[in-house]
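Visitor: Can you keep this structure in mind? I'll have questions shortly.
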Amino acid sequence: MSERAALLRGIRVWLAVFVVCLVLSGVTAFPLVTELHWLEDLLESSASPAPEHMPALVEWVARVREGLDATDEQYPFVLYGTDWLAFAHLVIAVAFYGPYRDPVRNIWVVEFGMIAWRRNHSARPDLRPDPGHPLLVVGDRHVLRRLRRDPAVRPCAAGSSDWRR
2 MSERAALLRG
12 IRVWLAVFVV
22 CLVLSGVTAF
32 PLVTELHWLE
42 DLLESSASPA
52 PEHMPALVEW
62 VARVREGLDA
72 TDEQYPFVLY
82 GTDWLAFAHL
92 VIAVAFYGPY
102 RDPVRNIWVV
112 EFGMIAWRRN
122 HSARPDLRPD
132 PGHPLLVVGD
142 RHVLRRLRRD
152 PAVRPCAAGS
162 SDWRR
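FYI, the working numbering numbers position 127 of the sequence shown as 128, with every residue one higher than the one before it.
This is the structure:
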């Protein structure tokens with residue numbers, strides 16, 4: 002396998018992982034109230050070691066469930082926000098099909114995702130990006146520039162300098 006093929010394969014693997022995570026977080030955001038009840042029941046079951054080994058986790062899940070139940074009971078319209086958040090995750094996952102198919106031509110989608118991710122995480126000091134994060138490695142402009150210079154990867158006609166065509 003050539004270096005170019007290995008690079009493209011690695012990019013596609015990370016993009017697939019990213020899309021799967023987006024879909025999972027989108028799909029699981031719809032039934033929050035039900036999921037939290039299931040999680041609490043699971044943690045408090047007799048087969049679960051959580052109450053004795055992780056009592057703080059069990060208490061935290063119970064508190065979050067109480068808050069979500071109260072919100073659902075008194076202000077159900079607030080939960081529409083989580084539905085829209087879930088839908089947005091699914092739409093963004095679909096947008097990453099282009100870079101999966103052709104990461105060189107559709108680098109702008111990856112860059113947009115990186116800007117949005119970094120902007121969201123730079124506002125919270127506890128979520129500062131790690132320089133070795135896979136998304137930053139996938140979106141590394143040097144890797145994609147090297148792919149653009151490779152004549153075998155260019156999506157345009159030979160001899161043309163417009164690689165975006």
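Think of the CB as a built atom: it goes at the ideal place given N, C-alpha and C, for glycine as much as any other residue.
1. Note down the Cα distance separating Trp109 from His90, rounded to an integer number of angstroms.
2. Assign Leu43 to buried or exposed, taking buried as 16 or more other Cβ atoms, counted over all protein chains shown, within 10 Å of its Cβ.
3. Is it a yes or a no for the region 68-76 touching the region 17-36, going by three-plus beta-carbon pairs under 8 Å?
4. Between the Cα of Val18 and the Cα atoms of Phe97, Pro52, Trp61, which residue gives the shortest distance?
5. Who are the near neighbours of Val24 in its chain, counting only those whose CB is closer than 8 Å to its CB and skipping five residues on each side?
6. Exposed or buried, which one is Val111 when buried takes at least 16 other CB atoms within 10 Å?
7. For Leu86 and Val105, I'd like the C-alpha separation in whole angstroms.
8. Determine, using beta carbons only, whether Ala1 and Leu58 come nearer to each other than 8 Å.
9. How is the alpha helix (DSSP H) around Tyr76 delimited, first residue to last?
10. Could you tell me if Gly114 is buried or exposed, where buried requires 16 or more neighbouring beta carbons within 10 angstroms of its beta carbon?
11. Taking buried to mean at least 16 other C-beta atoms within 10 Å of its own C-beta, is Ile187 buried or exposed?
12. Using the Cβ count rule (16 or more neighbours within 10 Å means buried), how would you classify Cys157?
Guide: With the structure as the only source:
1. Locating residue 109 in the sequence shown gives position 108, where the first residue counts as 1. Locating residue 90 in the sequence shown gives position 89, where the first residue counts as 1. Near 18 Å, if we compare the C-alpha coordinates of His90 and Trp109.
2. On the sequence shown, position 42 is the one that residue 43 refers to. Burial call: exposed.
3. Flag = yes, the region 68-76 and the region 17-36 touch.
4. Your numbering for residue 18 matches position 17 in the sequence shown. Per the Cα distances, Phe97.
5. Within the sequence shown, residue 24 is the residue found at index 23, counting from 1. Same-chain partners within the cutoff: His90, Leu91, Ala94.
6. Your numbering for residue 111 matches position 110 in the sequence shown. By the 10 Å Cβ count, Val111 comes out buried.
7. Within the sequence shown, numbered from 1, the residue matching residue 86 stands at position 85. Within the sequence shown, numbered from 1, the residue matching residue 105 stands at position 104. Whole-angstrom Cα-Cα distance: 29 Å.
8. It is not possible to answer for residue 1, since the shown part of the chain is limited to 2 through 166.
9. Locating residue 76 in the sequence shown gives position 75, counting from the first residue. Membership of Tyr76 in any alpha helix (DSSP H) is not indicated, and neither H nor E is assigned to it by DSSP.
10. Counted from its first residue, the sequence shown places residue 114 at position 113. Counting Cβ neighbours within 10 Å, Gly114 comes out buried, since at least 16 surround it.
11. For the chain, the structure presents residues 2 to 166; residue 187 sits outside this window and is missing.
12. The residue labelled residue 157 in the question sits at position 156 within the sequence shown. Only weak support is given to the placement of Cys157: the predicted model assigns it a pLDDT of 41, under 50, and the value that follows is read from those uncertain coordinates. Cys157 is exposed by the Cβ-count criterion.
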